[in-house]
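Enquirer: Quick one: structure below, then a few questions.
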Amino acid sequence: MDDFESLRIFVCVARELSVTGAARRLGKSPSNVTTKLQKLEASLGVDLLVRTGKRISLSHAGEMFLDYAEKLLALRAESMHVVTGGRAPGTIRIGSMEATAASRLPDCLASFDTAFPEVRLELRTGPSMTLMDDVRSGRIDCAFLAIPPSFLGSEWSDRLEVLDLVFQDAWEESLLLLSPKGIADLEDSTLRTLAAFPPGCTYRRIAEETLNLPESDDWTVQETSSYHVMVALASTGRCVTVLPESVLDTMKIPETLDVTPLCRVKTQLAWRKGYETPAFSQFLSHLSGAGLGR
Numbered sequence: 062m063d064d065f066e067s068l069r070i071f072v073c074v075a076r077e078l079s080v081t082g083a084a085r086r087l088g089k090s091p092s093n094v095t096t097k098l099q100k101l102e103a104s105l106g107v108d109l110l111v112r113t114g115k116r117i118s119l120s121h122a123g124e125m126f127l128d129y130a131e132k133l134l135a136l137r138a139e140s141m142h143v144v145t146g147g148r149a150p151g152t153i154r155i156g157s158m159e160a161t162a163a164s165r166l167p168d169c170l171a172s173f174d175t176a177f178p179e180v181r182l183e184l185r186t187g188p189s190m191t192l193m194d195d196v197r198s199g200r201i202d203c204a205f206l207a208i209p210p211s212f213l214g215s216e217w218s219d220r221l222e223v224l225d226l227v228f229q230d231a232w233e234e235s236l237l238l239l240s241p242k243g244i245a246d247l248e249d250s251t252l253r254t255l256a257a258f259p260p261g262c263t264y265r266r267i268a269e270e271t272l273n274l275p276e277s278d279d280w281t282v283q284e285t286s287s288y289h290v291m292v293a294l295a296s297t298g299r300c301v302t303v304l305p306e307s308v309l310d311t312m313k314i315p316e317t318l319d320v321t322p323l324c325r326v327k328t329q330l331a332w333r334k335g336y337e338t339p340a341f342s343q344f345l346s347h348l349s350g351a352g353l354g355r
């Protein structure tokens, strides 16, 4: 038990990058947290943290160990939840595209929390390809992601078959192109900047394919992690962007922009084959009742 407590303390410090902040979250004294960390480092024979004055950061070993520590803590909680038939509190670590987290999940997760208050939900966002890797590696339990239509019917279809993942349709999004008003044809325009998420984002991939960026040398991508920033950049008249209609519905559309439908893309929930816990079964059942797959 003490080993797992040390792991829990390390993970909290690694996330806070502050002993004081971690101690406050854990309800412990800073000296207790420091002692536990020192004992953990001594048992491993490596420094997990780099201490520079009052500032701390993760060492290279600490960055690697954090991944394992999170997995060990998650497996411990999952095993206790399963063997007790759900009597021990369960946790579901959910990954999601930024768009889904912004427009689809708030009501869904709120209603699930009301129905199953004993289940702890953790949510992190990222691009679809990263989320898929995180599910496979066990860093998260499931993820709402999208696979580019161009990947289906290609060699990617064979790769998806061997990922040991289950995919279930969740929602279908209408993808929109936002461009400055007055540009009749992007092909003939001098406009050659796309505002998009970093690589790995399915919607960016679709935008690049639509605008033929892979075959063009004069397009550039201005990367950001905010849809509000993408819309603001497009409204300057200097670039275009792509985002789901469900996200745009939560925002005010500037009058300087034209909105053009591009295509419809499925959002899917992915999880590892064989991953079955009472909490996750409750989650799937709740999603089905809320219209998953419609």
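Each residue of the sequence shown is one higher than the one before, starting from 62 at the first, in my numbering. Quick reminder that beta carbons are idealized off the backbone N, C-alpha and C, glycines included. None of the values given here were measured: they were computed from a predicted structure.
1) Return the CA-CA distance between D64 and A84, expressed in angstroms with no decimal places.
2) Spell out the partners DSSP gives K132 in its beta bridges.
3) Does the beta-carbon distance from L109 to G88 come in below 8 Å?
4) Exposed or buried, what is Q329 when buried is set at 16 or more other beta-carbons lying within 10 Å of its beta-carbon?
5) Report yes if the CB atom of T321 is closer than 8 Å to the CB atom of L238, and no otherwise.
6) Between A331 and M193, which are expected to be in contact by the criterion C-beta below 8 Å, what is the C-beta distance as a whole number of angstroms?
7) Leaving aside the five residues before and after A75 along the sequence, list all residues of the same chain whose C-beta is less than 7 Å from its C-beta, in chain order.
8) Based on the DSSP output, what are the partners of V320 in its beta bridges?
9) Out of G114, L105, S172, S104, which one is the CA nearest neighbour of L78?
10) Measuring only the C-alpha atoms, how far is A163 from V143?
11) By DSSP's criteria, F228 is part of a beta bridge. Which residues make up the other side?
12) Taking only the alpha-carbon atoms, compute the straight-line gap between R355 and R165 and give it to the nearest angstrom.
13) Can you tell me whether A340 is buried or exposed, with buried defined as 16 or more other CB within 10 angstroms of its CB?
Expert: Here's the rundown:
1) The sequence position of residue 64 within the sequence shown is 3, counting from 1. The sequence position of residue 84 within the sequence shown is 23, counting from 1. So the alpha carbons of these two residues sit roughly 17 Å apart.
2) Numbered from 1 along the sequence shown, position 71 holds the residue referred to as residue 132. DSSP output for K132 lists no bridge partner at all.
3) Counting from 1 along the sequence shown, the entry for residue 109 is found at position 48. Counting from 1 along the sequence shown, the entry for residue 88 is found at position 27. Result no, Cβ atoms of L109 and G88 do not sit closer than 8 Å.
4) Here residue 329 refers to the residue found at position 268 when the sequence shown is read from its first residue. Buried.
5) Taking the first residue of the sequence shown as 1, we reach residue 321 at position 260. Taking the first residue of the sequence shown as 1, we reach residue 238 at position 177. Cβ distance < 8 Å, so T321 and L238 count as in contact.
6) Working through the sequence shown from its first residue, we reach residue 331 at position 270. Working through the sequence shown from its first residue, we reach residue 193 at position 132. The Cβ separation is near 6 Å, so the contact holds.
7) Within the sequence shown, numbered from 1, the residue matching residue 75 stands at position 14. Hits under 7 Å: L119, G123, L127.
8) For the purposes of this step, residue 320 is taken as residue 259 along the sequence shown, with counting starting at 1. Its beta-bridge partners are L239.
9) Along the sequence shown, one-based indexing puts residue 78 at 17. The option with the nearest alpha carbon to L78 is G114.
10) Numbered from its first residue, the sequence shown carries residue 163 at position 102. Numbered from its first residue, the sequence shown carries residue 143 at position 82. The alpha-carbon atoms of A163 and V143 are separated by roughly 31 Å.
11) In the sequence shown, residue 228 corresponds to position 167, counting from 1. F228 pairs with A331.
12) To locate residue 355, count along the sequence shown from 1; it is residue 294. To locate residue 165, count along the sequence shown from 1; it is residue 104. Low local confidence applies: a pLDDT of 48 at R355 is under 50, so the model's placement there is unreliable, with the coordinate-based value given in what follows. Near 13 Å, if we compare the C-alpha coordinates of R165 and R355.
13) For this step, residue 340 is matched to residue 279 along the sequence shown. It is buried - the Cβ of A340 has at least 16 other Cβ atoms within 10 Å.
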